[in-house]
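Below you'll find the structure, written out as structure tokens, and then a few comments.
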Amino acid sequence: MTNQEIAFNIIANVGTAKSLYIEIIDKCEKREFHDIEKMYEEAEEYLKIAHKAHFNLIQKEAKGEDVNLTLLLIHAEDQLMNAETIKIISKKFVHIYKEELK
């Protein structure tokens, strides 16, 4: 797999994960908590795929191979970190909305 394909793999998978996290927040606003855990599990699977692809690039560079850092790869890493941030924020939203119902 080329670095460009790896970057697109990361972007596609974290994009799906981010969409799921945003959907979780939307469900919380509507007080619909029934599928949230399943959605977190699904999002986590997409993040795992992206993290694995990212880790493989890091391993290549650690072995002395040229990774050829491109704007596309930087964008992929940025999207990966954004997904992690949205994941944390979505968990806070779930907690806040559930506490509100108590």
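The sequence shown: position 19 = 1 (this note's numbering), numbered continuously.
Where a beta carbon is used, it is the ideal one built from N, C-alpha and C, also for glycine.
| Query | Result |
| --- | --- |
| Would you check whether the ligand NAP has a heavy atom nearer than 7 Å to the C-beta of asparagine -15? | Because no ligand of any kind appears in the structure shown, any question about the ligand NAP cannot be addressed here. |
| Would you say lysine 0 and alanine 65 are within 8 Å of each other, going by their C-beta atoms? | yes |
| Should alanine -6 and leucine 55 be called a contact, given that it needs their Cβ atoms to be closer than 8 Å? | no |
| So for leucine 55, helix, strand or coil by DSSP? | helix |
| For asparagine 50 and asparagine -15, which I take to be in contact (beta-carbon distance under 8 Å), what is that distance rounded to the nearest angstrom? | 6 Å |
| Classify threonine -16 as helix, strand or coil using the three-state DSSP reduction. | coil |
| Over what stretch of residues does the alpha helix (DSSP H) that includes asparagine 50 continue unbroken? | Run containing asparagine 50: none; DSSP gives neither H nor E here. |
| Output the distance between the C-alpha atoms of glutamate 19 and lysine 30, rounded to the nearest integer angstrom. | 16 Å |
| Using a threshold of 8 Å, state whether the C-beta atoms of glutamate 24 and leucine 2 are closer than that. | yes |
| Alpha carbon to alpha carbon, how far is isoleucine 40 from leucine 83? | 44 Å |
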